[in-house]
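J.: One structure coming up, written as C-alpha cells, with questions to follow.
In the numbering used here, the protein residues as written are 489 to 623.
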C-alpha cells in the first residue's frame, strides 16, 4: 500500500501519521499535557461538491451538509458531528467507523476514494486556566 491515505492512516502493523500523533497526544505519562483540555473530533468527506459527515449517528446517512461562513468561526460545516474523545483508542475507533461509512458510500456511488477528499479535525479546548508554574 502507498499513497496519501496509507501515509495518514497506515495499518495495524505500521501505523500512519494520524494514529502515531494521537498516541503521542494521549500518552498516559503526558496526563499533564491534557489537563484541563477537552478534545472533540469530526471526520467528513467532500465528494462531488457534497459534504458527508462520516460520524453522523444515522447509519449510512449521506445527506449533504451545508458549508457556512461566520464572522467569528470563519467557514464551517453546519450540523457536523463533533464527538468528545478521551484517548487515542477513542479517536481510532471513530476513524474506523468513518472509514467503514466511506466504503459504503464508495460502493453506492461506484467511485474511488481518489475522487473524494476526507478531512479529520481534532479540536482542543482549555476548560480551565493552566496551573501556575512553581505552585
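The beta-carbon is built from N, C-alpha and C at its ideal position, and this holds for glycine as well.
Taking only runs of the alpha helix (DSSP H) that begin and end inside the segment 526-563, which ones reach a length of at least 4 residues, in chain order?
T.: none
J.: In angstroms with no decimal places, state the Cα-to-Cα distance between residue 502 and residue 544.
T.: For the purposes of this step, residue 502 is taken as residue 14 along the chain shown, with counting starting at 1. For the purposes of this step, residue 544 is taken as residue 56 along the chain shown, with counting starting at 1. So the alpha carbons of these two residues sit roughly 28 Å apart.
J.: Measure the alpha-carbon distance for residue 498 versus residue 558 and round it to whole angstroms.
T.: Taking the chain shown and counting its residues from 1, the one referred to as residue 498 is at position 10. Taking the chain shown and counting its residues from 1, the one referred to as residue 558 is at position 70. Using only the alpha carbons, I get a separation of about 35 Å.
J.: Based on the DSSP secondary-structure assignment, which residues constitute the bridge partners of residue 613?
T.: Taking the first residue of the chain shown as 1, we reach residue 613 at position 125. According to DSSP, which records beta bridges pairwise, residue 613 is partnered with 526.
J.: Helix or strand or just coil, what does DSSP make of residue 574?
T.: Locating residue 574 in the chain shown gives position 86, counting from the first residue. Coil, per DSSP.
J.: By Cβ distance below 7 Å, which residues in the same chain neighbour residue 526 in space, the five residues on each side in sequence not counted?
T.: Within the chain shown, the letter at position 38 stands for residue 526. If we look at residue 526 and ignore the five residues flanking it on each side, its Cβ neighbours are 572, 613, 615.
J.: Assign residue 555 to one of two classes, buried (16 or more other C-beta atoms within 10 Å of its C-beta) or exposed (fewer than that).
T.: The residue labelled residue 555 in the question sits at position 67 within the chain shown. With fewer than 16 Cβ atoms within 10 Å of its Cβ, residue 555 is classed as exposed.
J.: Report the rounded CA-to-CA distance for residue 587 versus residue 538, giving the unit in angstroms.
T.: One-based indexing of the chain shown puts residue 587 at position 99. One-based indexing of the chain shown puts residue 538 at position 50. Between residue 587 and residue 538, the C-alpha separation is close to 17 Å.
J.: Is it the case that the Cβ atoms of residue 576 and residue 514 are separated by a distance below 7 Å?
T.: In the chain shown, residue 576 corresponds to position 88, counting from 1. In the chain shown, residue 514 corresponds to position 26, counting from 1. Contact flag set, yes.
J.: Could you tell me whether the Cβ atoms of residue 570 and residue 530 are closer together than 7 Å?
T.: Position 82 of the chain shown holds residue 570. Position 42 of the chain shown holds residue 530. Yes, the pair counts as a contact, with Cβ atoms nearer than the cut-off.
J.: Using 10 angstroms around the beta-carbon of residue 603, count the other beta-carbons present and answer buried if the total reaches 16, otherwise exposed.
T.: The residue labelled residue 603 in the question sits at position 115 within the chain shown. Exposed, by the Cβ-count rule.
J.: Where do the ends of the alpha helix (DSSP H) carrying residue 493 lie?
T.: Within the chain shown, residue 493 is the residue found at index 5, counting from 1. Start and end: 492-497.
J.: Per DSSP, which one or two residues make a beta bridge with residue 607?
T.: Working through the chain shown from its first residue, we reach residue 607 at position 119. Bridge partners of residue 607: 532.
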